[in-house]
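Input: a single structure, listed below in structure tokens.
2 protein chains.
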Amino acid sequence: MEEKEYLEDHEELLKTVLDRQPADEVLYDLAELFKVFGDSTRIKILYAMFETELCVNDIARLLNLSQSSVSHQLRILKTSKLVKFRREGKSVFYSLDDEHIKLILSMGMEHVEE
Amino acid sequence: MEEKEYLEDHEELLKTVLDRQPADEVLYDLAELFKVFGDSTRIKILYAMFETELCVNDIARLLNLSQSSVSHQLRILKTSKLVKFRREGKSVFYSLDDEHIKLILSMGMEHVEE
DNA sequence: TCAACATATGTTTATTTGTTCATATTATAA
DNA sequence: TTATAATATGAACAAATAAACATATGTTGA
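If you're matching them up, the sequences are chains V and C in order. Numbered by the numbering used here, the letters in the first sequence go through residues 37 to 150 in order. Numbered by the numbering used here, the letters in the second sequence go through residues 37 to 150 in order.
Spelled out as structure tokens, the structure:
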């Protein structure tokens, strides 16, 4: 019976799909990561840091955002290890944590610019 | 005056940063794209399609999701051109729109798995 | 120690968003 | 055409979240 065989193969295939799914926890973390990229304010901040490290006040002035808003967003970026920071006197300078971040943004940009 | 020169250079730098920022609209679209990746249900669905095209019902059974939920999420994935689909009788088969999608997910995965 | 400046954090509010339930659409087979 | 199966869509509700405002913390120099 051809129909039966097809259905069996299909069930086999579905099992394979399930087997290769990463663990729920990992998929959850992955979603959390992309969620962080999923806000235009944070994207703006990340792009501003493509060139150079920036302090909170510079970011706020540059992008026309409130100090509070920038600080809140930087905390989120910090938590998800997208930015690192160093203190210099009263100022705190933030920069992209690694080149990886640029890659992810660039990949997304390619898809958007099609 | 060294201090004054430093400040001037800094202002120059900030201007450069602003100049190189992509247009707001583009950054907005980019955020919208990542927002789509920013949900674990959608991530699960996308990962399931790494191997093969799947119909709505298969996805729902496989991932323990309601038909309605899957259908709603597929609409979002369709709108942002992350998946394509073809009709075959009563069923609709969905698959990843291009290899690009896998790349973006893999990039994110690398960051998560560190 | 005190004033000022830079940054961080807590809270509230308005908006966005994912899910569920009910119903509509589309396609097949009898 | 009618019943049934597969998918899509609309509406309502609850949870998540970004921004604004107020306030706290930390740092420097007088």
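No residue lacks a Cβ here, since even glycine has one placed at the ideal position from N, Cα and C.
### Task
Give every residue of the same chain whose Cβ lies closer than 7 Å to the Cβ of residue 152/C, excluding the five residues on either side of it in the sequence, and list them in chain order.
Limits of chain C in this structure are 37 at one end and 150 at the other, which puts residue 152/C out of reach.
#### Entry: Three-state secondary structure (DSSP) of residue 146/C
helix
### Task
With a cut-off of 8 Å on the beta carbons, I'd call residue 131/V and residue 89/V a contact; round off their distance for me.
4 Å
### Message
Could you compute how far the alpha carbon of residue 120/C sits from the alpha carbon of residue 101/V?
### Response
38 Å
### Query
In angstroms, rounded to a whole number, what distance separates the CA positions of residue 37/V and residue 86/C?
Confidence at residue 37/V is low in this model, with a pLDDT of 46, below 50, so its placement is unreliable and no value can be given for it.
#### Entry: Closer than 7 Å to chain V by CB, residue 113/C
no
### Task
Measure the alpha-carbon distance for residue 125/V versus residue 80/V and round it to whole angstroms.
25 Å
### Message
Which residue marks the beginning of the alpha helix (DSSP H) containing residue 121/C, and which one marks its end?
### Response
Unbroken run through residue 121/C is the beta strand (DSSP E), 119 to 124; no alpha helix (DSSP H).
### Query
Quick one: is residue 57/V near chain C, going by C-beta distance under 7 Å?
yes
### Message
Within 7 Å of any Cβ in chain C, is that where the Cβ of residue 71/V sits?
### Response
yes
### Query
Skipping 5 residues on each side, what residues in its chain have a beta carbon closer than 7 Å to that of residue 143/V?
none
### Message
Within 8 Å, do at least three Cβ pairs link the stretch 42 to 62 of chain C to the stretch 56 to 70 of chain V?
### Response
no
### Query
Closest to residue 55/C by CA distance: which of 98/V, 64/V, 75/V, 51/V is it?
98/V
### Message
According to DSSP, simplified to helix, strand and coil, what is residue 73/V?
### Response
helix
### Message
Going by DSSP in three states, residue 131/C sits in which element: helix, strand or coil?
### Response
strand
### Query
Under a CB-based cut-off of 7 Å, is residue 108/C close to chain V?
no
### Query
Under the three-state reduction of DSSP, which class applies to residue 101/V: helix, strand or coil?
coil
### Query
Counting contacts by CB-CB distance shorter than 7 Å, is residue 81/V in contact with chain C?
no
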